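Protein chains: 2
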Amino acid sequence: MSDGRVRPYFTTRGLIPENQETPIHFLRGSIFDKGYWFLRNHFQYPDLTINSGNLLITGAVKKAFIIKLEQLKTLPSKTITVPLICAGNQRAEFRPKVYGEQWEEGAVSQGVWTGVPLKDLLGVSGLEENALEVVFTGADRGTTPNVDEAVLYERSLPMNKALHPDTMVAYEYNGQPIPFKHGYPLRLIVPNWYGMASVKWLQKITVVAQPYEGPFQTDDYVYYPDPHTDEGKSPVTTIRVNSIIQQPLDHSIIDEGAHVIVGLAWSGEGQIEEVEISFDKGNTWEAVTLAQDQTKRYAWTEWQYNWTTPGKGTFTIQTRAKDSDGNVQPEREYWNRKGYGYNAIYRINVKVE
Amino acid sequence: MSDGRVRPYFTTRGLIPENQETPIHFLRGSIFDKGYWFLRNHFQYPDLTINSGNLLITGAVKKAFIIKLEQLKTLPSKTITVPLICAGNQRAEFRPKVYGEQWEEGAVSQGVWTGVPLKDLLGVSGLEENALEVVFTGADRGTTPNVDEAVLYERSLPMNKALHPDTMVAYEYNGQPIPFKHGYPLRLIVPNWYGMASVKWLQKITVVAQPYEGPFQTDDYVYYPDPHTDEGKSPVTTIRVNSIIQQPLDHSIIDEGAHVIVGLAWSGEGQIEEVEISFDKGNTWEAVTLAQDQTKRYAWTEWQYNWTTPGKGTFTIQTRAKDSDGNVQPEREYWNRKGYGYNAIYRINVKVE
Numbered sequence: 004m005s006d007g008r009v010r011p012y013f014t015t016r017g018l019i020p021e022n023q024e025t026p027i028h029f030l031r032g033s034i035f036d037k038g039y040w041f042l043r044n045h046f047q048y049p050d051l052t053i054n055s056g057n058l059l060i061t062g063a064v065k066k067a068f069i070i071k072l073e074q075l076k077t078l079p080s081k082t083i084t085v086p087l088i089c090a091g092n093q094r095a096e097f098r099p100k101v102y103g104e105q106w107e108e109g110a111v112s113q114g115v116w117t118g119v120p121l122k123d124l125l126g127v128s129g130l131e132e133n134a135l136e137v138v139f140t141g142a143d144r145g146t147t148p149n150v151d152e153a154v155l156y157e158r159s160l161p162m163n164k165a166l167h168p169d170t171m172v173a174y175e176y177n178g179q180p181i182p183f184k185h186g187y188p189l190r191l192i193v194p195n196w197y198g199m200a201s202v203k204w205l206q207k208i209t210v211v212a213q214p215y216e217g218p219f220q221t222d223d224y225v226y227y228p229d230p231h232t233d234e235g236k237s238p239v240t241t242i243r244v245n246s247i248i249q250q251p252l253d254h255s256i257i258d259e260g261a262h263v264i265v266g267l268a269w270s271g272e273g274q275i276e277e278v279e280i281s282f283d284k285g286n287t288w289e290a291v292t293l294a295q296d297q298t299k300r301y302a303w304t305e306w307q308y309n310w311t312t313p314g315k316g317t318f319t320i321q322t323r324a325k326d327s328d329g330n331v332q333p334e335r336e337y338w339n340r341k342g343y344g345y346n347a348i349y350r351i352n353v354k355v356e
Numbered sequence: 004m005s006d007g008r009v010r011p012y013f014t015t016r017g018l019i020p021e022n023q024e025t026p027i028h029f030l031r032g033s034i035f036d037k038g039y040w041f042l043r044n045h046f047q048y049p050d051l052t053i054n055s056g057n058l059l060i061t062g063a064v065k066k067a068f069i070i071k072l073e074q075l076k077t078l079p080s081k082t083i084t085v086p087l088i089c090a091g092n093q094r095a096e097f098r099p100k101v102y103g104e105q106w107e108e109g110a111v112s113q114g115v116w117t118g119v120p121l122k123d124l125l126g127v128s129g130l131e132e133n134a135l136e137v138v139f140t141g142a143d144r145g146t147t148p149n150v151d152e153a154v155l156y157e158r159s160l161p162m163n164k165a166l167h168p169d170t171m172v173a174y175e176y177n178g179q180p181i182p183f184k185h186g187y188p189l190r191l192i193v194p195n196w197y198g199m200a201s202v203k204w205l206q207k208i209t210v211v212a213q214p215y216e217g218p219f220q221t222d223d224y225v226y227y228p229d230p231h232t233d234e235g236k237s238p239v240t241t242i243r244v245n246s247i248i249q250q251p252l253d254h255s256i257i258d259e260g261a262h263v264i265v266g267l268a269w270s271g272e273g274q275i276e277e278v279e280i281s282f283d284k285g286n287t288w289e290a291v292t293l294a295q296d297q298t299k300r301y302a303w304t305e306w307q308y309n310w311t312t313p314g315k316g317t318f319t320i321q322t323r324a325k326d327s328d329g330n331v332q333p334e335r336e337y338w339n340r341k342g343y344g345y346n347a348i349y350r351i352n353v354k355v356e
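Line by line, the protein sequences give chains C and P. Residue numbering for the first sequence follows this note's numbering, beginning at 4 and increasing consecutively. Residue numbering for the second sequence follows this note's numbering, beginning at 4 and increasing consecutively.
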């Protein structure tokens, strides 16, 4: 008699612009249905009827040029599995609380992107000697605080990251054209950096000789550790090492007996080397079982741990991940005013009845 | 270019059994699309192939009988607008936190139910002199803590509530057969009580001479004010007076200028008489504008307040509702171990930029 629609849905944070979060607790596997890729927008969706699929490469280059989607597809391509992690993921968990979209754990997704390495395109254009950064311009536009006119979504990369062989102009996701809401026809993909760097609806690449200072570079996506001043600020870049528990859910009531605790771990600084779990408030830690595919160097790591409940009562379960660069999740989050890069030790409480 | 699917979805709390919450912040209007009625189940969906639409009325009655859906539809009916409020709505907001489904504000819905007053059916059966309560049995079954065998979902009402002229056996919701997930073909509707009383997939009504003590009557849906013992316990019954803000969202960043603050208020004890709003931590309160339809005595109340931001900064906005029975939302929630009946003054924080 069921209508068969027993499925999780997005968690809606906002509609205009559209910001929806994936119910990550219910999902396993590297490649999700496009219905489960979180949506994070700064503006309303762009009108792509003008210039769609024409990418301009200009600025401090020897030879500016326009390349069309169909031409891009004829160039040597790369296909890599990349998780996109929103810099504001888990913002709701900062204490004291911070303002902004109250993301829980689900502003993350992972899939297989196909595209042309950016360095190949910059190889065609050539770089002027004074080239310092590369600015990426999306087609989405709107107003933002402290700027009088409408602005386009725009971000820059330092030259070394722009020339990294895996930084690419992507045109396919999971073997299909990129869905409109996720950046069709072209999206910059910047592995290991938080998602704000992977500019959607990419229409222009500008090499610049001066530091780029647009609002999404120098106002948003900046760590401000001081609640009131800009002292000590630093840019948001690489994904911090992190782990989450997908199952059981926080503050759930579970039966006595055997349970499989499952979760994910990721880091933009290195490979996940270990995820540990603690049932005694962090006094002792035990390694969980990782499921890693070494051929996918950027992919997140699924993990699991078989737990037999030691009786009835309430239990705190904590996890922390370590990466190959020596990073480990901290006891407390790195608090910052705009709520980026949350990666404190993950904690849930469950009641066994 | 948009695929047109800019819409809110349920927030998924669980899938087996299915528990999904309505993104209440985005919804206005008395009658929602069925896609927005929250889903709260104790068990998996029942198999209705047996006895579907046959309702047995038995127990301490003069004449037990079975009535079919088609016969019910020929009896004099009532049509009333009723909100269904889950007793665990806002459970996530209790401090200290409590265990169970972590509902935010969206385990609420409202619509128009059509059915036959229960008192008419009990008038046909007659009541034995020792009749004390009426037990309602749904078709959904499963296991529950502290009970060895599978149980059916079952709840009782005291005789005065069972005989209230608006307590009904409903067969239509918003002019259509009740959707399967919401109780098809028959659902008990108990206005003014929390949703656990409105038994779905109703298949049997049993008049009893002793207090009914099933697990959903005497274990769940009981207020336990003590964290560890059952001292001071009392049954969950009538919906407590409450108000919520639908817009703006908690911890959102909003522009300077004019904003319409909108929300809902409800009470099972009486009519909503006033909703007040405070911007100074509760030192002063101001009445908001209520939109009430006096012909719908059970319906919730939509309200709004026009707010011009007094400058940049952070603001706490609080609301409290008062009902015609003299009830007012308390400063702090009535804490109870299983997390029912949350109705503390509603508070959000916003940042004006």
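Even glycine gets a Cβ: it sits at the ideal position worked out from N, Cα and C. It should be emphasised that the depicted structure is a prediction, and the values quoted were computed from it without experimental measurement.
Exercise. Which residue from Lys203/C, Thr298/C, Asn330/C and Pro188/C puts its Cα closest to that of asparagine 346/C?
Worked result: Asn330/C
Exercise. On the three-state DSSP scale, how would you describe threonine 221/C?
Worked result: Reduced to three states, the DSSP call for threonine 221/C is helix.
Exercise. What does DSSP give as the partner residues of threonine 308/P in its beta bridges?
Worked result: The sequence shown places tyrosine at residue 308/P, rather than the threonine named in the question. In DSSP, tyrosine 308/P forms a bridge with Ile264/P.
For this session: Would you mind reading off the limits of the alpha helix (DSSP H) that contains glutamine 295/P?
Result: Note, glutamine 295/P: premise wrong, no alpha helix (DSSP H); not H, not E.
For this session: Tell me, please, whether the CB atom of isoleucine 181/C is closer than 8 angstroms to any CB atom in chain P?
Result: Taking 8 angstroms as the CB threshold, isoleucine 181/C stays off the interface with chain P.
For this session: Could you tell me if glutamine 321/P is buried or exposed, where buried requires 16 or more neighbouring beta carbons within 10 angstroms of its beta carbon?
Result: buried
For this session: Less than 8 angstroms between the CB atoms is what I'm expecting for glycine 344/C and alanine 90/C, so what's the real figure, rounded?
Result: 6 angstroms
For this session: Flag this pair as yes or no: are the beta carbons of leucine 42/C and glutamine 23/C separated by less than 8 angstroms?
Result: yes
For this session: Between the Cα of valine 119/P and those of Pro79/P, Pro214/P and Trp106/P, spot the shortest distance and give me the residue it belongs to.
Result: Minimum Cα distance to valine 119/P is reached at Pro79/P.
For this session: Could you check which residue in Ile27/C, Gly56/C, Glu136/C and Tyr48/C has the C-alpha nearest to that of asparagine 92/C?
Result: Ile27/C
For this session: Spell out the partners DSSP gives methionine 199/C in its beta bridges.
Result: Looking at the DSSP assignment, methionine 199/C forms no beta bridge with any residue, so it has no partner.
For this session: Could you tell me if leucine 126/P is buried or exposed, where buried requires 16 or more neighbouring beta carbons within 10 angstroms of its beta carbon?
Result: The sequence as given places glycine at residue 126/P; leucine does not occur at that position. Label assigned to glycine 126/P: exposed.
For this session: Tell me, please, whether the CB atom of isoleucine 256/C is closer than 8 angstroms to any CB atom in chain P?
Result: yes
For this session: Under the assumption that glycine 273/C contacts tryptophan 306/C (Cβ atoms under 8 angstroms), give the Cβ distance between them as a whole number of angstroms.
Result: Rounded, the Cβ-Cβ distance is 16 angstroms, inconsistent with contact.
For this session: Less than 8 angstroms between the CB atoms is what I'm expecting for valine 291/P and valine 278/P, so what's the real figure, rounded?
Result: Indeed they touch by this definition, with Cβ atoms about 5 angstroms apart.
Problem set entry | Status (buried if at least 16 other CB within 10 Å, exposed otherwise) for alanine 153/C | Here alanine 153/C is exposed. Its C-beta has fewer than 16 other C-beta atoms within 10 Å.
Exercise. If you compare alpha carbons, which of Glu21/P, Tyr48/P, Thr170/P and Thr84/P is closest to threonine 304/P?
Worked result: Thr84/P
Exercise. Per DSSP, glycine 145/P forms a beta bridge with which residues?
Worked result: Val154/P
For this session: Apply the 10 Å Cβ neighbour rule to glycine 260/P and answer buried if 16 or more other Cβ atoms are within range, or exposed otherwise.
Result: Per the 10 Å Cβ criterion, exposed.
Exercise. So, alanine 165/C versus valine 137/C, is the Cβ gap smaller than 8 angstroms?
Worked result: Taking 8 angstroms as the Cβ cut-off, alanine 165/C and valine 137/C qualify as a contacting pair.
Problem set entry | Assumed close pair glycine 198/C, isoleucine 275/C - CB separation to whole angstroms, cut-off 8 angstroms | The Cβ separation is near 19 angstroms, so there is no contact.
Exercise. Across which residues does DSSP place tryptophan 116/C in a beta bridge pair?
Worked result: Ile83/C and Tyr176/C
Exercise. Under three-state DSSP, which class holds asparagine 22/C?
Worked result: The three-state secondary structure of asparagine 22/C, taken from DSSP, is strand.
Exercise. In the structure shown, what three-state DSSP assignment does leucine 58/C receive?
Worked result: Strand at leucine 58/C.
Problem set entry | Residues that tyrosine 102/C contacts on chain A, provided the C-beta gap is smaller than 8 angstroms | The chain labelled as chain A is not found among the protein chains of the depicted structure, namely C and P.
Exercise. Nearest-angstrom Cα distance between tyrosine 337/P and proline 99/P?
Worked result: 11 angstroms
Exercise. So does leucine 124/C have its beta carbon nearer than 7 angstroms to some heavy atom of the ligand ATP?
Worked result: Among the components modelled here there is no ligand, and therefore nothing to report on the ligand ATP.
Exercise. Is the region 209 to 222 of chain C touching the region 310 to 317 of chain C in the sense that three or more CB pairs, one from each, lie closer than 8 angstroms?
Worked result: The region 310 to 317 of chain C, when compared against the region 209 to 222 of chain C, does not touch it at the 8 angstroms Cβ threshold.
Exercise. With a cut-off of 8 angstroms, does the C-beta of threonine 15/P fall near any C-beta of chain C?
Worked result: It does: the Cβ of threonine 15/P has a partner Cβ on chain C nearer than 8 angstroms.
Exercise. Closest Cβ-Cβ distance between proline 168/P and chain C: below 8 angstroms?
Worked result: No, because no Cβ of chain C sits closer than 8 angstroms to the Cβ of proline 168/P.
For this session: Please report how far the alpha carbon of leucine 124/C lies from the alpha carbon of phenylalanine 282/P, in whole angstroms.
Result: 55 angstroms
Problem set entry | Contacts of tyrosine 343/P in chain C (Cβ-Cβ under 8 angstroms) | Neighbours of tyrosine 343/P on chain C: none; closest Cβ ~14 angstroms, over 8 angstroms.
Exercise. Counting contacts by CB-CB distance shorter than 8 angstroms, is alanine 349/P in contact with chain C?
Worked result: The sequence given here has tyrosine at residue 349/P, not alanine. No, tyrosine 349/P lies away from the interface with chain C (no Cβ there is under 8 angstroms from its Cβ).
Problem set entry | Beta-carbon contacts of proline 86/P that lie in its chain and below 6 angstroms, excluding the five residues immediately before and after | Gln113, Trp269 and Trp303
Exercise. Of the choices Leu130/C, His185/C, Asn195/C and Lys203/C, whose alpha-carbon is the least far from that of leucine 155/C?
Worked result: Lys203/C
Exercise. What residues match up with aspartate 326/C in a beta bridge as DSSP calls it?
Worked result: Aspartate 326/C pairs with Ile275/C.
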